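This note's numbering numbers the first residue of the sequence shown as 3 and each following residue consecutively. Here the structure comes first, spelled out in structure tokens, and everything after it is commentary.
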Amino acid sequence: MSDNKNTPSQTKAAKFRSMLGNDELSFCMEAHDGLSAKIVEQTGFEAIWGSGLSIATALGVRDRNEASWTQVIDVLEFMSDATSIPIMLDGDTGYGDFNNFRRLVRKLCQRNIAAVCIEDKQFPKTNSFVDGDQELADVDEFCGKIKAGKDSQLDDDFSVVARVEALIAGKGMDEALRRAEAYRVAGADGILIHSKRSTADEVLTFAKEWDNRSPLVIVPTKYYDTPTDAFRAANISLVIWANHNLRSSLAAMRDVSEKIYESQSLRDIEGNVASISDVFTIAGNTELAEAEKRYLPDRGGETKAILLAASRGHQLADLTAEKPKCMLDVRGKPLLRRLTHSLNDSGITDITVVGGYKHEAVDLANINKVVNDDYETTGEVASLACAQDRIDGNVVVSYGDILFRNHILDRLMRSDADITVAIDATVRKSDGDFAKCSKPFAEDIIDDAPVLLEQMTSDADGAQGEWIGLVKMSGEGARLVKAEIETMEKDGSLATANMPDLFNRLIASGVTPHVAYFSGHWLDVNDAFDLADARNFL
Ligand code: SPV
Ligand code: MG
3 MSDNKNTPSQ TKAAKFRSML GNDELSFCME AHDGLSAKIV EQTGFEAIWG SGLSIATALG
63 VRDRNEASWT QVIDVLEFMS DATSIPIMLD GDTGYGDFNN FRRLVRKLCQ RNIAAVCIED
123 KQFPKTNSFV DGDQELADVD EFCGKIKAGK DSQLDDDFSV VARVEALIAG KGMDEALRRA
183 EAYRVAGADG ILIHSKRSTA DEVLTFAKEW DNRSPLVIVP TKYYDTPTDA FRAANISLVI
243 WANHNLRSSL AAMRDVSEKI YESQSLRDIE GNVASISDVF TIAGNTELAE AEKRYLPDRG
303 GETKAILLAA SRGHQLADLT AEKPKCMLDV RGKPLLRRLT HSLNDSGITD ITVVGGYKHE
363 AVDLANINKV VNDDYETTGE VASLACAQDR IDGNVVVSYG DILFRNHILD RLMRSDADIT
423 VAIDATVRKS DGDFAKCSKP FAEDIIDDAP VLLEQMTSDA DGAQGEWIGL VKMSGEGARL
483 VKAEIETMEK DGSLATANMP DLFNRLIASG VTPHVAYFSG HWLDVNDAFD LADARNFL
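In structure tokens:
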């Protein structure tokens, strides 16, 4: 669906009619699908030529009525939906007799196509530049076709342009003028005089003889080096640049395919093709995201993740000389990639990584990245604050150097408490972030009362478990955490605070995180032994 930018005051057909009728020289640029149509409009052109040659070629068939008329109309519908400027369809010979043509005209009006051009040749038509005979239509039969089209249009401003192929067929200037006059009298809104000469001479002679009897349209594909001012001077109404988007994309696609085929790599290509974000922009993804906000009230149900990955990991010494520890290889993939895949597996795709040390090395696809420039002098909460605008709705915050089995995250995601911390009840180490909880872990007791976090401490003694660096907040929890961060910013405690400090402050202010207990099935990477463990963990 497009966001239709057509102004209600002037229809596409009316815009085209005034282009055709005014004294200015106007231009139609070729398009052959929704994408090229958008590009034509965004470039600034006032109208689109729905080229038969280009549409057929883009569909992989010849310009010889091999694509059915309904297939062509389907393409036109995409082009029309994607743009707000008028489209003139190259309607070949009208896809049959007067009856087929009037049905085509009605369908085009229904699809908001502004105009159609039909040529006086026999069905199936051949492209005008193909060598060989070009068999012309009977003049009277073609006049009847024009009349039928005009009588059938559903919009008074719809235009039927009659294309004279007499010069293409080598029938001479007099025949061209005779035919053009007959078509004008039959009701054609304009005459397209076509030529395959490399100079504009015969077209300019025709224009002189025609003497402004009705709007003239030309296609200077073959006489491309004629200055455009010569067309102005000849009172031409409309110039069609007929196939240049198709031909340029053909050259570009061939070039990129050959390069990738030969190099078996994308390295030398990436900088020379449109970016993925360019693709998303022209596809209109921003509009969709805004519409989702308007029409999906339940967006708060989606969970985002913020990964704290600003630190170098000094204990890993030289291993982190060029990259932060979150980017260390764990069996062929960076640790952080493994972590984001775990999040993806639990349905979390909106992932923000807070980088710091060597953040340029954090070059993963499908993440948002923010940077804590002061990573050397600040702690985890300052990094979290760098992603403050993401602390909204359901959010999971995780250290960037941990790995865990998915059941741990899934368990957190199921919690509907404001804040839930993942606590490993099997305390194995003497250093870590330990949790004093309202109750110890007891696997065999069925007790619905939640376990509450009473205090975070660096002392394993008297603690019921270790926090693994994973916390989930509901929308309300996110609001509370954000408010606490703001308070910390104001009272100057933010810079050096770590996540346990934040939890303790929340607890002191009456906000009690819930505890999700489990045992094992996770690890964090602080030194080379941990890294070896991580490789085995997989
Ligand atoms: C087209 O673009 O399909 C045309 C113009 O009909 S031309 O190919 O120049 O005949
Ligand atoms: Mg054509």
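Ideal Cβ placement from N, Cα and C applies to all residues, glycine included. As the structure is a prediction and not an experimental result, all values here were calculated from the model.
Per DSSP, the unbroken alpha helix (DSSP H) holding THR59 starts and ends at 54-60. Distance from the CA of ALA244 to the CA of GLU289, rounded to the nearest whole angstrom, comes to 31 Å. The segment 125-167 contains, as complete alpha helix (DSSP H) runs of 4+ residues, the segments 141-154 (chain order). Take THR422, set aside five residues on each side of it, and the residues of its chain with a beta-carbon closer than 6 Å to its own are LEU414, LYS474, HIS516 and ALA518, in chain order.
Check the Cα spacing between GLN466 and each of ILE238, PHE436 and SER476: the tightest is with PHE436.
Taking every residue with its beta carbon within less than 5 Å of a heavy atom belonging to the ligand SPV gives, in chain order, SER53, GLY54, LEU55, ASP92, SER130, VAL221, THR223 and ALA244.
The ligand MG has no heavy atom closer than 7 Å to the beta-carbon of ASP203. Proximity of the segment 397-405 to the segment 327-338 meets the contact definition, three or more beta-carbon pairs being nearer than 8 Å.
In the three-state reduction of the DSSP assignment, VAL364 falls in the coil class.
Straight through space, the alpha carbons of LYS210 and MET81 are spaced by roughly 35 Å. Annotation: the continuous beta strand (DSSP E) that includes TYR519 extends over 516-520. With contacts defined by Cβ atoms closer than 8 Å, ALA84 and PHE18 do not form a contacting pair.
Only buried fits GLY471, as 16 or more other CB atoms lie within 10 angstroms of its CB. Considering only ALA387, PRO217, ALA139 and GLU264, the residue with the shortest C-alpha distance to SER28 is PRO217. Distances between the C-beta of ASP122 and the heavy atoms of the ligand MG are all 7 Å or more. A distance criterion of 7 Å places the beta-carbon of ASP65 in contact range of the ligand MG, judged by its closest non-hydrogen atom. When DSSP states are grouped into helix, strand and coil, GLU468 belongs to the strand group. Taking the CA atoms as reference points, ALA253 sits about 35 Å from ALA363. Counted as a single uninterrupted DSSP element, the alpha helix (DSSP H) harbouring MET490 occupies residues 477-493.
Listed in chain order, the alpha helix (DSSP H) elements of length 4 or more contained wholly in the segment 217-298 are 230-235, 246-265, 278-285 and 287-297. DSSP, reduced to helix, strand and coil, places SER348 outside both helices and strands of the structure shown, so it counts as coil. LYS327 and TYR377 have their alpha carbons spaced roughly 14 Å apart.
Beta-carbon to beta-carbon, ARG66 and LYS127 are separated by about 7 Å, close enough to satisfy the 8 Å threshold.
ARG407 is the residue among ARG407, LEU318, ILE75 and THR498 whose C-alpha sits nearest the C-alpha of ASP347. DSSP places ILE170 in the coil class of the three-state scheme, outside both helix and strand. With 16 or more other CB atoms across the displayed protein chains lying within 10 angstroms of its CB, ARG181 is buried. Taking C-beta atoms under 8 Å as the contact rule, ALA419 and VAL356 fail to qualify, at a distance of about 24 Å. In the same chain as LYS224, and ignoring 5 residues on each side of it, the C-beta atoms closer than 8 Å to its own belong to PHE131, SER197, LYS198, ARG199 and SER200, in chain order.
Between ASN247 and SER38, the C-beta spacing is below 8 Å.
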